[in-house]
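Visitor:
Numbering (this note's numbering), first residue to last: 3 to 215.
(1) Only counting the same chain, and skipping five residues up and downstream in sequence, which positions put a Cβ closer than 8 Å to that of residue 112?
(2) Tell me the rounded alpha-carbon separation between residue 158 and residue 165.
(3) Whole angstroms is fine: what's the gap from residue 67's alpha carbon to residue 115's?
(4) Quick one: residues in its chain with C-beta nearer than 6 Å to the C-beta of residue 118, no 5 flanking neighbours on either side, listed in chain order?
(5) Excluding the 5 residues preceding and the 5 following residue 187 in the sequence, name in chain order all residues of the same chain whose CB lies nearer than 6 Å to its CB.
(6) How would you call residue 82, buried or exposed, if buried means at least 16 neighbouring beta carbons within 10 angstroms?
(7) Tell me which same chain residues have a C-beta within less than 7 Å of the C-beta of residue 182, skipping the five on either side of it?
(8) Mind reading off the beta-carbon distance from residue 121 to residue 176? Whole number of angstroms is fine, and I expect it under 8 Å.
(9) Taking just the CA atoms, how far does residue 137 sit from residue 125?
(10) If you check the beta carbons only, do residue 98 and residue 91 fall under 8 Å apart?
(11) Going by beta carbon distance, what residues of the same chain come within less than 6 Å of residue 133, once the five residues before and after it are set aside?
(12) Does the Cβ-Cβ distance between residue 210 and residue 59 come in under 8 Å?
(13) Pull up the distance between the alpha-carbon of residue 189 and that of residue 174, whole angstroms please.
(14) Which residue marks the beginning of the beta strand (DSSP E) containing residue 158, and which one marks its end?
(15) Is residue 185 helix, strand or coil when you go by DSSP?
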């Protein structure tokens, strides 16, 4: 999406830790506050006679990743794969709280590899039927950027958002095939002296199996 000016480019040393700026620390505090408020508010929607937990394992395909601003380490409409796991605590038949963790393969160029670990929490709304469920979801979380250069790692953190929806197709009692099409926005690592935050917005295709009990 947005990119840094090339005038701000400096020599990137992957063996030097990427510093987390004060605005990013504030974002992390905001993330924690939102999660606490979300969990507290969801208790008002809980039904004593209904309780369901979902656990899922999934494969993901990220498409449309853009990153520019450091010469020799630039990407446009890049795609990569990953996978992860998640769970949903359904407080009533249509409302649930989800948490998911994704490990994404990332991109590589000029001997530098950038991988992502994305963790998000949010709300899942579900329209249920006997064979097919339709759902929408939205949440906030944080992304961990992991740089790998000649076996040395450097780590940075930023905020991420996810929203989308999909379907669940019943395979057998308590077991569902999950198909999810979502949009993810995440902050990109700071590799220059430019203080302006930059973001990427990519599509994520997810397929997996959900166990509901």
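Virtual Cβ for every residue (Gly too), placed ideally from N, Cα, C.
Guide: Based on what the coordinates show:
(1) As a working mapping, residue 112 is identified with position 110 in the chain shown. So the qualifying residues of the chain are 74 and 75.
(2) Mapped onto the chain shown, residue 158 falls at position 156. Mapped onto the chain shown, residue 165 falls at position 163. So the alpha carbons of these two residues sit roughly 23 Å apart.
(3) Indexing the chain shown from 1 puts residue 67 at position 65. Indexing the chain shown from 1 puts residue 115 at position 113. Computed Cα separation, rounded: 14 Å.
(4) Residue mapping note: residue 118 aligns to position 116 of the chain shown, counting from 1. Hits under 6 Å: 106, 108 and 145.
(5) Here residue 187 refers to the residue found at position 185 when the chain shown is read from its first residue. Same-chain partners within the cutoff: 163, 201 and 203.
(6) On the chain shown, position 80 is the one that residue 82 refers to. So residue 82 ends up on the buried side.
(7) The count along the chain shown starts at 1 and reaches residue 182 at position 180. The answer, listed in chain order, is 166, 168 and 208.
(8) Reading the chain shown from its first residue, position 119 is the one you call residue 121. Reading the chain shown from its first residue, position 174 is the one you call residue 176. Contact doesn't hold; Cβ gap of about 26 Å is too wide.
(9) The count along the chain shown starts at 1 and reaches residue 125 at position 123. The count along the chain shown starts at 1 and reaches residue 137 at position 135. When rounded, the distance between both Cα atoms is 10 Å.
(10) Numbered from its first residue, the chain shown carries residue 98 at position 96. Numbered from its first residue, the chain shown carries residue 91 at position 89. A distance below 8 Å separates the beta carbons of residue 98 and residue 91.
(11) As a first step, residue 133 must be located in the chain shown, where it is residue number 131. Closer than 6 Å at the Cβ level, and outside the excluded window around residue 133, lie 172.
(12) Position 208 of the chain shown, counted from the start, is the residue given in the question as residue 210. Position 57 of the chain shown, counted from the start, is the residue given in the question as residue 59. Yes, the pair counts as a contact, with Cβ atoms nearer than the cut-off.
(13) Against the chain shown, residue 189 aligns to sequence position 187. Against the chain shown, residue 174 aligns to sequence position 172. Going by the C-alpha atoms only, they are around 39 Å apart.
(14) One-based indexing of the chain shown puts residue 158 at position 156. Element bounds for residue 158: 154 to 174.
(15) Sequence index remark: in the chain shown, residue 185 carries index 183 (1-based). Strand, per DSSP.
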